[in-house]
Amino acid sequence: MSQWSAIADIAEKVQKGELKAENLVAQALKTIEDNQDFSAVIATIEDRAKERAIEIDNRVERNEAVGRLAGVPFIAKDNFLTFGSETTAASNILKGFEAPYQSTAIQRLEAEGAICVAKANLDAFAHGSSTENSDFMTTKNPHDKTKVPGGSSGGSAASVILDMAPFALGTDTGGSIRLPAAFCGAVGYKPTYGLVSRSGVVAMASSTDVIGPLTRTVEDAAVVLDVIAAKDALDGTTIEPEGDGYALSPELSALSSKKIGVIKEYMSDGIDVKVKAQIEAAITKLKDAGAEIVEVSLPSLPLALACYYIICPAEVSSNLSRYDGQRYGFSHPEAKNLDDSYNLTRSEGFGTEAKRRIMIGTYVLSSGYYDAYYKKAQQVRTKLIDEFNKTFETVDFLLGPTAPMTAFEIGKHANDPLEMYLTDIMTVAVNLVGVPAISIPAGKIDNMPVGLQLIAPQHKDRDLLGLASQVERIIA
Ligand code: GLN
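The working numbering numbers the first residue of the sequence shown as 44 and each following residue consecutively.
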């Protein structure tokens, strides 16, 4: 049992003066402190969080409006620019960097009274699937300390399951919200590309980066999305949210009128037999509850991972070029001139994975290889988009596992990047195509959680959350 009730209930009690924001913040900070050995949190935002809590409590006393998330503590992945702490993206090159402004998502949450209490650990610059690529520490899985929490939002997922806060924010470029949600037993929501502003979030691959919540329930995910989804002048790729918003409502619950396609490729390629059985058991429960379920095939899916690992590093190599020792965080103290400063700062400041991606990205974008790699990958991406569009002419939603396995041992793939990349085999296509997807808990195998993934067409986030909340109830 969690110490936190539903987000909407907490906010309502704060609004009525039945709960004090100050106590909620203290409770979150204590739980963070008590669970330090999981290394889920890089920094706490104590002073600012306490000040904001007192301000909210005072406003309640004066009968002033305090917002839909009044007093609700949350934790942000440390690639969100926030006041009150450094923003490092878990990279040495950003150590000492204090953001001059806050990300739009954080601002929107604060405007509704939510309180950021800490910054969560991640794979540096969100490159990874296990948080082992953090330059600072490896987060441990809340269910088994010898296992990874998934990544790259591993600290966010672990913090929610360790009960440090009612929700956390993550980013998902190729699966980084859904995968750790699956490994830790949380709900992880990846919105339609552009639904949440990327302004003030450290960029990884700008054409696939999205921001979303990690929560314990679908209802909580919907409440948070409803606040952060908005068109934003600071991010030209943002889209207008759906008119009715994202909070769950009863009219979304007609499961029997929806057709769900089980992705054949995800149920066959290299999937752990126990994970497969667990997903099949969930499918049976859904059928028994009246869902119409068919098998669908998207033949280009096996190409998605290779395609992603060309496009993603290409964009990473460009996005990381701004960390040159002159503008953000770390600047090498022994540099004798500007060139020297670039070289020394980047050589020492970036970890192995960031360097690997800079090299791969620069290579696939170079004039001699652009056509052979980058252009080909973009063609495959277009093909994937076509296949998803066609498939969504015949079914309303897609279903499959979030990952082919449950959380693995810390160190198992740490020295084998290709094995690590395979962890993402069931999540990356969604990012390339820009559609929304959610991972919800589907039971456990040997005490380790399994994630079930549901995918909808672009701009159908509201329907997806409605479906997910029913599926959550049925398979629980
Ligand atoms: N694990 C994937 C990668 O390493 C996805 C990362 C992410 O979504 N941020 O690229």
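The beta-carbon is built from N, C-alpha and C at its ideal position, and this holds for glycine as well. The structure displayed is predicted, hence computed values, not measured ones.
**Asked** Helix, strand or coil for Phe440 per DSSP?
**Response** Correct three-state label for Phe440: strand.
**Prompt:** Do Cys350 and ligand 1 come close, with the Cβ less than 7 Å from some heavy atom?
**Reply:** Flag unset: Cβ of Cys350 not near ligand 1.
**Request:** Return yes when the C-beta of Cys227 is under 7 Å from any heavy atom of ligand 1, and no when it is not.
**Result:** no
**Asked** Which of the three DSSP states, helix, strand or coil, is assigned to Thr74?
**Response** helix
**Prompt:** For Glu293, which residues does DSSP report across the bridge?
**Reply:** Note on residue identity: the sequence assigns Pro, not Glu, to residue 293. By DSSP's assignment, Pro293 forms no beta bridge with any residue.
**Message:** For Ile488 and Asn386, what's the separation of their Cα atoms in angstroms?
**Reply:** 47 Å
**Prompt:** So who's on the other strand from Tyr144, going by DSSP bridges?
**Reply:** Tyr144 is not bridged to any residue.
**Item:** Burial state of Ser311 (16 or more Cβ within 10 Å)
**Value:** With fewer than 16 other Cβ atoms within 10 Å, it is exposed.
**Item:** Span separating the alpha-carbon of Glu308 from that of Pro447
**Value:** 11 Å
**Request:** Quick one: grab the DSSP three-state call for Tyr232.
**Result:** When DSSP states are grouped into helix, strand and coil, Tyr232 belongs to the strand group.
**Asked** Is any heavy atom in ligand 1 found nearer than 7 Å to the beta carbon of Gly218?
**Response** yes
**Message:** Using the three-state DSSP reduction, which class does Asp467 fall into: helix, strand or coil?
**Reply:** In this structure, DSSP gives Asp467 a state outside helix and strand, which the three-state scheme calls coil.
**Asked** Just reading off the alpha helix (DSSP H) that Gly255 is part of, what are its end residues?
**Response** Note, Gly255: premise wrong, no alpha helix (DSSP H); beta strand (DSSP E) at 253–258.
**Message:** As a quick exercise: from Gly114, Ser128, Leu165, pick the residue whose alpha carbon is nearest that of Ala154.
**Reply:** Sorting Gly114, Ser128, Leu165 by C-alpha distance to the C-alpha of Ala154 places Gly114 at the top.
**Message:** Cutting at 7 Å between CB atoms, please list the residues of its own chain near Ala480, excluding the five before and the five after it.
**Reply:** Arg221, Lys233, Val473, Gln496, Leu497, Ile498
**Request:** Pull up the distance between the alpha-carbon of Leu346 and that of Lys419, whole angstroms please.
**Result:** 11 Å
**Message:** Contact between the stretch 156–172 and the stretch 211–226 is defined here as three or more beta-carbon pairs at a separation below 8 Å; is this criterion met?
**Reply:** A contact exists between the stretch 156–172 and the stretch 211–226.
**Asked** What whole-angstrom Cβ distance do Ser242 and Asp275 have, given they're in contact under 8 Å?
**Response** Confirmed, Cβ separation roughly 6 Å.
**Prompt:** DSSP three-state call for Asp121: helix, strand or coil?
**Reply:** coil
**Asked** Roughly how far, in whole angstroms, is the beta-carbon of Ala265 from the beta-carbon of Leu291, given that I think they are within contact range, below 8 Å?
**Response** 5 Å
**Item:** Where Asn184 falls, given that 16 or more other Cβ within 10 Å makes a residue buried
**Value:** Answer is buried; the Cβ neighbour count reaches 16.
**Prompt:** Roughly how many angstroms separate the alpha carbons of Ile428 and Gln150, rounded to a whole number?
**Reply:** Cα to Cα, Ile428 sits roughly 33 Å from Gln150.
**Item:** First and last residue of the uninterrupted alpha helix (DSSP H) at Phe226
**Value:** 221–227
**Message:** Excluding the 5 residues flanking Val244 on each side, which residues of the same chain have their C-beta closer than 8 Å to its C-beta?
**Reply:** Asn122, Phe123, Leu124, Ser146, Ala148, Thr214, Asp252, Ile254
**Prompt:** Rounded to a whole number of angstroms, what is the C-alpha to C-alpha distance between Tyr412 and Cys355?
**Reply:** 16 Å
**Request:** Please specify which runs of the beta strand (DSSP E), each continuous and at least 3 residues long, are wholly inside the stretch 316–384, giving them in chain order.
**Result:** Runs of the beta strand (DSSP E) spanning 3 or more residues and lying entirely within the stretch 316–384 occur at 335–339, in chain order.
**Message:** I'd like the list of long-range same chain contacts for Gly87, defined as Cβ closer than 7 Å, with 5 residues on each side in sequence excluded.
**Reply:** According to the sequence as given, residue 87 is Thr; it is not Gly. The beta carbon of Thr87 sits closer than 7 Å to those of Leu72, Ile75, Val160, Ala161, all from its chain and outside the five residues before and after it, given in chain order.
**Prompt:** Between the Cα of Ala334 and the Cα atoms of Ser340, Ala142, Ala325, which residue gives the shortest distance?
**Reply:** Ala325
**Message:** Let me check understanding here. Comparing Cα to Cα, which of Phe117, Glu141, His502, Val305 lies closest to Ser128?
**Reply:** Glu141
**Prompt:** At what residues does the alpha helix (DSSP H) containing Ala211 begin and finish?
**Reply:** Looking at the DSSP string, Ala211 is not in any alpha helix (DSSP H); the run it does join, the beta strand (DSSP E), is 210–215.
**beta strand (DSSP E) segment containing Gly304, residue limits** = 302–306
**Prompt:** Counting only beta-carbon atoms, is Ile271 nearer than 8 Å to chain D?
**Reply:** As a matter of chain content, chain D is missing from the structure shown, which is built from one protein chain.
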